[in-house]
Amino acid sequence: MKRILYWLHRAFGAFDPPLLALLVMMALLGLTVMHSAVGGTDWRFADQSRNFLIALVVMWAIAMTPPPVLMKMAPYFYGLGVLLLLGVEFFGETSKGATRWLDLGVVRIQPSEMLKIAAPMMLAWYFHRNQGRLRVVDFLVAGVLLAVPFGLIVLQPDLGTALLVFATGFFVIYFGGLSFRLLIPLTIAIVIGLGTLVYYEKDICQPDVDWVVLHDYQKFRVCTLLDPSSDPLGKGFHTIQSMIAVGSGGIYGKGYMKGTQTHLDFIPERTTDFIFAVYAEEFGLYGGIMMLVLYLLIIARGLTIAMRAHTQFGRLMAGSMAMMFFAYVFVNVGMVTGILPVVGVPLPFMSYGGTALMTLGIASGLLMSIGHYRPVRH
Numbered sequence: 001m002k003r004i005l006y007w008l009h010r011a012f013g014a015f016d017p018p019l020l021a022l023l024v025m026m027a028l029l030g031l032t033v034m035h036s037a038v039g040g041t042d043w044r045f046a047d048q049s050r051n052f053l054i055a056l057v058v059m060w061a062i063a064m065t066p067p068p069v070l071m072k073m074a075p076y077f078y079g080l081g082v083l084l085l086l087g088v089e090f091f092g093e094t095s096k097g098a099t100r101w102l103d104l105g106v107v108r109i110q111p112s113e114m115l116k117i118a119a120p121m122m123l124a125w126y127f128h129r130n131q132g133r134l135r136v137v138d139f140l141v142a143g144v145l146l147a148v149p150f151g152l153i154v155l156q157p158d159l160g161t162a163l164l165v166f167a168t169g170f171f172v173i174y175f176g177g178l179s180f181r182l183l184i185p186l187t188i189a190i191v192i193g194l195g196t197l198v199y200y201e202k203d204i205c206q207p208d209v210d211w212v213v214l215h216d217y218q219k220f221r222v223c224t225l226l227d228p229s230s231d232p233l234g235k236g237f238h239t240i241q242s243m244i245a246v247g248s249g250g251i252y253g254k255g256y257m258k259g260t261q262t263h264l265d266f267i268p269e270r271t272t273d274f275i276f277a278v279y280a281e282e283f284g285l286y287g288g289i290m291m292l293v294l295y296l297l298i299i300a301r302g303l304t305i306a307m308r309a310h311t312q313f314g315r316l317m318a319g320s321m322a323m324m325f326f327a328y329v330f331v332n333v334g335m336v337t338g339i340l341p342v343v344g345v346p347l348p349f350m351s352y353g354g355t356a357l358m359t360l361g362i363a364s365g366l367l368m369s370i371g372h373y374r375p376v377r378h
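Residue numbers for the sequence shown follow my numbering, beginning at 1 and rising by one.
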């Protein structure tokens, strides 16, 4: 009996109760909105329910793994991810103009998803190994470690995933000790670049103008963001319809399963990238605020775990995972409301998709593993 109680305590003791409660609320909310988005309990709703169960099991398995073990795995996990990205570059399968998938015979995978976890893990491992003696060259090495997967993912092309990988890795570098003063020139350059883009929008968005650093479809997404009405039935359709749905929800929303934009099929990709438009139309401003508060509580809990972590690896990894949730929400809500270009970033625990939920499950498991870990003192 004592042995059974011991194993039950060990199994359920791996969960962080506050974080688990918030995640369960988000999962229930996500399934509720998915039920409305698909108009009932069809195969997509059933698949998403299964995806949540798989993500829960993965989260529990990672939560049971001590951070020192995870830290030892970091270089191998990162190396495997980069190797698979190179495999995509040379042997990947192309779909809808992008080469993002790799067929391994028994399974078809998207290696770029791995790097959302592998890149920050590698950087956290690197800074842990060099803590107390960091030099400028160490930050340059960290920049290269991040630039390699970022560049390979951009080549696929998959700008949305590349930006998320860059964001999670950058947060590790920043939390690792990067001076805020070094970010001031970068911030100034971004502001000047955005100002120039807005001012010369009519000239640089002409079809014959090549942006060099971006593919044509990415250029059109940025130009559509600046003026969705320039192509209302083409590139601007997603943005215009999602903004109409969000605006029509008003303060209180139209009510559950009563969203006209949703159920008359005006919202494209309503189960994936644009599910926030479905939610905002039916639950309104108050519902949107409630959802954002839930996300903020998850992020706050992750940052609390980071501050209480007992190792440098744990602090950096937990901080990065918490901020990854922020990046997901900020980019998705921004593109649905028309303040950011459409880059194909899902809304955490809401958008349909097993791969994204798996990544979020691993991230949540990492937070729980770091949160309950207590190093043995000799």
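Backbone N, C-alpha and C fix where the C-beta goes; we use that ideal spot for every residue, glycine too.
Straight-line gap, residue i to residue j (C-alpha atoms, nearest Å)
{"i": "L28", "j": "E282", "result": "16 Å"}
{"i": "L186", "j": "F180", "result": "10 Å"}
{"i": "H128", "j": "M368", "result": "19 Å"}
{"i": "M64", "j": "G365", "result": "8 Å"}
{"i": "Q241", "j": "L152", "result": "33 Å"}
{"i": "G253", "j": "T260", "result": "11 Å"}
{"i": "S49", "j": "T311", "result": "35 Å"}
{"i": "L19", "j": "T161", "result": "25 Å"}
{"i": "T272", "j": "L140", "result": "37 Å"}
{"i": "I109", "j": "G87", "result": "11 Å"}
{"i": "R270", "j": "P149", "result": "30 Å"}
{"i": "G39", "j": "I267", "result": "13 Å"}
{"i": "H238", "j": "L264", "result": "15 Å"}
{"i": "Y126", "j": "P157", "result": "28 Å"}
{"i": "G255", "j": "G354", "result": "28 Å"}
{"i": "I57", "j": "A363", "result": "Looking at the sequence provided, one finds Val at residue 57 rather than Ile. Looking at the two C-alpha atoms, the distance is approximately 13 Å."}
{"i": "P348", "j": "V333", "result": "11 Å"}
{"i": "G143", "j": "T94", "result": "29 Å"}
{"i": "Q131", "j": "A167", "result": "22 Å"}
{"i": "V165", "j": "P346", "result": "14 Å"}
Buried versus exposed call for residue i [16 or more other C-beta atoms within 10 Å across all chains shown]
{"i": "K116", "result": "buried"}
{"i": "R133", "result": "exposed"}
{"i": "Y279", "result": "buried"}
{"i": "Q206", "result": "exposed"}
{"i": "R100", "result": "buried"}
{"i": "F90", "result": "exposed"}
{"i": "I184", "result": "exposed"}
{"i": "L296", "result": "exposed"}
{"i": "V331", "result": "buried"}
{"i": "V329", "result": "buried"}
{"i": "A277", "result": "buried"}
{"i": "I305", "result": "buried"}
{"i": "G193", "result": "exposed"}
{"i": "L182", "result": "exposed"}
{"i": "I289", "result": "exposed"}
{"i": "A327", "result": "buried"}
C-beta contact flag for residue i and residue j at 9 Å
{"i": "M317", "j": "P67", "result": "yes"}
{"i": "M122", "j": "A74", "result": "yes"}
{"i": "G344", "j": "L102", "result": "no"}
{"i": "R308", "j": "F175", "result": "no"}
{"i": "T337", "j": "M257", "result": "no"}
{"i": "R374", "j": "D16", "result": "no"}
{"i": "L146", "j": "F170", "result": "yes"}
{"i": "L53", "j": "I298", "result": "no"}
{"i": "F325", "j": "M71", "result": "no"}
{"i": "A55", "j": "Y352", "result": "no"}
{"i": "V51", "j": "L357", "result": "According to the sequence as given, residue 51 is Asn; it is not Val. It is a contact, given that the beta carbons lie within the stated cut-off."}
{"i": "G287", "j": "G249", "result": "yes"}
Contacting residues, own chain, Cβ-Cβ under 8 Å from residue i (five flanking each side not counted)
{"i": "M114", "result": "F77, L80, G81 and L84"}
{"i": "A61", "result": "G365"}
{"i": "G92", "result": "T99, R100, W101, L102 and Q156"}
{"i": "T262", "result": "S36, A37, A245, R270, A277, V278, E281 and E282"}
Delimiting residues of the alpha helix (DSSP H) encompassing residue i
{"i": "R129", "result": "P111 to R129"}
{"i": "P341", "result": "Note, P341: premise wrong, no alpha helix (DSSP H); not H, not E."}
{"i": "F150", "result": "V136 to V154"}
{"i": "Q48", "result": "W43 to A63"}
{"i": "H310", "result": "Counting along the chain, H310 falls outside any alpha helix (DSSP H), and DSSP gives it neither H nor E."}
{"i": "E89", "result": "P67 to F91"}
{"i": "T271", "result": "Segment: none, T271 is in no alpha helix (DSSP H) and carries neither H nor E."}
{"i": "L22", "result": "P17 to V38"}
{"i": "G132", "result": "No alpha helix (DSSP H) contains G132, which DSSP labels as neither H nor E."}
{"i": "A245", "result": "F237 to S248"}
{"i": "S364", "result": "G354 to H372"}
{"i": "Q206", "result": "Taken as a continuous stretch (DSSP letters only), Q206 belongs to no alpha helix (DSSP H), as it is neither H nor E."}
{"i": "A167", "result": "L159 to F175"}
Spatial neighbours of residue i in its chain, beta-carbon cut-off 7 Å, leaving aside the 5 residues before and after
{"i": "H35", "result": "T41 and F45"}
{"i": "G380", "result": "No answer is possible for residue 380: it lies beyond the span of the chain, which begins at 1 and ends at 378."}
{"i": "G30", "result": "F349 and M350"}
{"i": "L294", "result": "L22, M25 and M26"}
Proximal residues to residue i (C-beta, below 6 Å), its chain only, five neighbours per side dropped
{"i": "L285", "result": "I251"}
{"i": "V172", "result": "P120, L123, A124, L316 and S320"}
{"i": "W43", "result": "none"}
Near the ligand ZN: residue i beta-carbon under 8 Å from a heavy atom
{"i": "G353", "result": "As presented, the structure is devoid of all ligands, the ligand ZN included, so that no description of it is given."}
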